[in-house]
Amino acid sequence: MTDRKPVESWLTDMDGVLVHEGQPVPGAPEFISRLRSSGKPFLVLTNNSIYTARDLQARLNRMGFDVPEHAIWTAALATAQFLADQRPGGTAYVIGEAGLTTAMHAVGYVLTDFAPDYVVLGETRTYSFEAITKAVRLIDGGARFICTNPDPTGPSTEGALPAAGSVAAMISKATGVEPYFVGKPNPMMMRSALNTIDAHSETTAMIGDRMDTDILCGLEAGLQTVLVLTGISTRTEAERYPYRPSRIVASVADLIDEI
1 MTDRKPVESW LTDMDGVLVH EGQPVPGAPE FISRLRSSGK PFLVLTNNSI
51 YTARDLQARL NRMGFDVPEH AIWTAALATA QFLADQRPGG TAYVIGEAGL
101 TTAMHAVGYV LTDFAPDYVV LGETRTYSFE AITKAVRLID GGARFICTNP
151 DPTGPSTEGA LPAAGSVAAM ISKATGVEPY FVGKPNPMMM RSALNTIDAH
201 SETTAMIGDR MDTDILCGLE AGLQTVLVLT GISTRTEAER YPYRPSRIVA
251 SVADLIDEI
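Quick note: the sequence shown uses the UniProt record's numbering, first residue 1, plus one each step.
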């Protein structure tokens, strides 16, 4: 790999990197603690749009992580910021939970099912056929289609769950309209995160457990990328992709001494 500048800022995925199956990855709380004591800017990223940053802070705190609310960046926050930049003070019909609706309200959007500017699809524990039908009709009527993230499934203790990407595919099939996905692997997710902590791509590293989202997103945004082997992608699988991370480590515990 080419020589890179020293890492001054860190972005890290949450599930599979800091947390695995509801438990902290060994060494991950210490990694976050070292980041905080170093004073280096960092953000914990997630494509999940269900929870607010405050919800996630409380969840991480219960597992021993000392992460401030402002250091958490979700696909819901990135989506709301994107829409506020594109069409300030707009309207949207939202399918999602508090993480998304709170973010939309915070940027001044009005949530409505009457001729909205956008249909915004996020994650929810209970997708409603009635809500999906309404989304289809609004898009047919001219609403623009936005989705927080393209993930087809999400994790649970019982196994995989359908996620926003799968529901988006159903709506697209019914309308013939493809959504604009804001979350990973769209590099916009990385760029909005960089702007949030006033960081530069040349001196920022992205840590992730998935080659097809975290590493691809970081690569396309010009960041250094670190694949950890505590989540989805294995070292063997990583070799099958046409692109490579800057490096592969067993877990974030291997990065503590670099902070």
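No residue lacks a Cβ here, since even glycine has one placed at the ideal position from N, Cα and C.
Here the structure is a predicted model, which means the values were calculated and not measured.
Which of helix, strand or coil does DSSP assign to residue i?
| i | result |
| --- | --- |
| VAL107 | coil |
| THR225 | strand |
| ARG244 | coil |
| ARG144 | strand |
| HIS70 | helix |
| PRO41 | coil |
| MET63 | coil |
| MET15 | Reading off the sequence, residue 15 comes out as Asp, not Met. Strand, per DSSP. |
| GLY122 | coil |
| VAL249 | strand |
| PRO29 | helix |
| PHE114 | coil |
| THR204 | strand |
| PRO179 | coil |
| PRO162 | strand |
| ALA199 | coil |
| SER9 | strand |
| GLY154 | strand |
| ILE215 | helix |
Would you say residue i and residue j are within 9 Å of each other, going by their C-beta atoms?
| i | j | result |
| --- | --- | --- |
| VAL7 | GLN224 | yes |
| MET211 | PRO187 | no |
| ALA143 | ILE95 | no |
| MET189 | ASN47 | yes |
| GLY89 | ILE232 | no |
| VAL249 | LEU229 | yes |
| ALA135 | VAL107 | no |
| LEU227 | ASP254 | no |
| ALA205 | TRP73 | no |
| ASP140 | THR91 | no |
Near residue i, which residues of its chain fall below 6 Å by C-beta distance, leaving aside the five closest residues on each side in sequence?
| i | result |
| --- | --- |
| TYR93 | ASP113, PRO116, VAL119 and LEU138 |
| PRO185 | THR213, LEU216 and CYS217 |
| ALA199 | SER9 and PRO41 |
| GLY51 | Reading the sequence as shown, one finds Tyr at residue 51 and not Gly. Excluding sequence neighbours, TYR51 sits near GLY99. |
Please classify residue i as buried or exposed, where buried requires at least 16 other C-beta atoms within 10 Å of its C-beta.
| i | result |
| --- | --- |
| GLU123 | buried |
| MET1 | Caution applies to MET1, whose pLDDT of 48 falls short of 50 and renders its modelled position unreliable; the value that the coordinates give is listed next. Answer is exposed; the Cβ neighbour count stays below 16. |
| LEU161 | exposed |
| VAL110 | exposed |
| residue 260 | Outside the displayed span of the chain (1 to 259) sits residue 260, for which this structure offers no information. |
| PHE129 | exposed |
| PRO179 | buried |
| ASP257 | exposed |
| GLY154 | buried |
Spatial neighbours of residue i within its chain, please: CB distance less than 7 Å, with the 5 preceding and 5 following residues excluded, ordered by chain position.
| i | result |
| --- | --- |
| PRO152 | ALA163, GLY165 and SER166 |
| VAL67 | ILE32, VAL44, GLN57 and LEU60 |
| ARG87 | ASP117 |
Apart from the five residues on each side of it in sequence, which residues of its chain come closer than 8 Å, Cβ to Cβ, to residue i?
| i | result |
| --- | --- |
| PHE65 | LEU18, PRO24, ALA28, PRO29 and ILE32 |
| ALA75 | THR46, ASN47, ASN48, SER49, GLY122, THR148, ASN149, VAL182, GLY183, LYS184 and MET189 |
| THR203 | LYS5, PRO6, VAL7, GLU8 and SER9 |
Checking contacts by CB at 9 Å: is residue i closer than that to chain C?
| i | result |
| --- | --- |
| ALA143 | Absent from the structure: chain C. Only one protein chain is present. |
Q. Are the stretch 152-171 and the stretch 29-42 touching, with three or more C-beta to C-beta distances below 8 Å?
A. no
Q. For the stretch 20-34 against the stretch 235-244, are there 3 or more C-beta pairs whose distance is under 8 Å?
A. no
Q: Would you check if the stretch 147-155 and the stretch 69-87 touch, i.e. whether three or more CB-CB distances between them fall below 8 Å?
A: yes
Q: Determine contact between the stretch 47-60 and the stretch 98-105, defined as no fewer than three beta-carbon pairs at a distance below 8 Å.
A: yes
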